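Report on one structure; see the data block that follows.
Residue numbers (the numbering used here), protein chains in the order written: chain P, 1 to 115; chain Z, 116 to 227.
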């Protein structure tokens, strides 16, 4: 596809379960970003990838969160032992390069609900 | 902690009115972007400003970057219902790494 895609679009899970969120960036985009957006809030920066490398993981909320990117393309965000406070929309974006003035193209997000 | 504060948080106006949305920080940014987000979708870039004092116009939207590159404003002239959405500012700093900080957004509703 032409844009960033994310799957699933919606995920409802029970507290304590693990979830995996997927992001397919625009082909050729070397930079990939994950954000979290809670209801009525702005975007919380989680992690970025330059290629397959994530130089700074300090934005991840806890050690239950992890992310990886393979082949310089698809990325997965994994949340282990989900908690109710993890409920949010998880947005992925990609850009041609890493510079801050590059346009980030966002996917539609995955809405995660933890019961 | 770097913060980007946006004001107002919510704005409901009549079609044809003018409005200004503000984005303020105590930190200096190398660039600042404005995005618009509609329900169920990701944000879409409107503009990027990189030079202090820069003014950019996009049809009825005027964006300004503060001289010190700590703040920005978005002015909409003669608002239309199609302008309804969540407006987000995002500041970037390229200092030995990368981080983009988003403001909490201004939710605009334009009534016909």
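For every residue, glycine included, the Cβ atom is placed at its ideal position computed from N, Cα and C.
Predicted model only: the values in this text are computed from it and were never measured.
* To do: List the whole-angstrom C-beta distance separating residue 33 of chain P from residue 83 of chain P, where the pair is believed to meet the contact cut-off of C-beta under 8 Å.
  => Here residue 33 of chain P is actually not in contact with residue 83 of chain P; their C-beta atoms are around 23 Å apart, not less than 8 Å.
* Contact set for residue 224 of chain Z: own chain, Cβ-Cβ below 6 Å, skip 5 residues either direction -> Taken in chain order, the residues that qualify are 127 and 199.
* Interface residues of chain P facing residue 199 of chain Z [CB-CB closer than 9 Å] -> Those do not exist, as residue 199 of chain Z stays about 16 Å from chain P at its closest Cβ, beyond 9 Å.
* To do: Return the chain-ordered list of same chain residues with a C-beta closer than 7 Å to the C-beta of residue 168 of chain Z, the five sequence neighbours on each side being excluded.
  => The beta carbon of residue 168 of chain Z is closer than 7 Å to those of 180 and 182 in its chain, skipping five residues each way along the sequence.
* State the DSSP-derived secondary structure class of residue 14 of chain P, mapped to helix, strand or coil. => When secondary structure is reduced to three states using DSSP, residue 14 of chain P falls in the coil class, being assigned neither helix nor strand.
* Neighbourhood of residue 57 of chain P by C-beta, 7 Å cutoff - its chain only, sequence neighbours within 5 removed -> In chain order, 47 place their CB closer than 7 Å to the CB of residue 57 of chain P, counting only its own chain and leaving out the 5 sequence neighbours on each side.
* Taking Cβ positions, are residue 42 of chain P and residue 218 of chain Z nearer each other than 8 Å? -> For the pair residue 42 of chain P and residue 218 of chain Z, the CB atoms are nearer than the 8 Å cut-off.
* To do: Name, please, each residue of chain P whose Cβ falls closer than 8 Å to the Cβ of residue 163 of chain Z.
  => Here the neighbours are 101 and 103.
* **CB contact below 8 Å: residue 80 of chain P versus chain Z** => For residue 80 of chain P, not one C-beta of chain Z is nearer than 8 Å to its own C-beta.
* Touching or not, the segment 87–107 of chain P and the segment 135–143 of chain Z, by the rule of three or more beta carbon pairs under 8 Å? -> Segments in contact, no.
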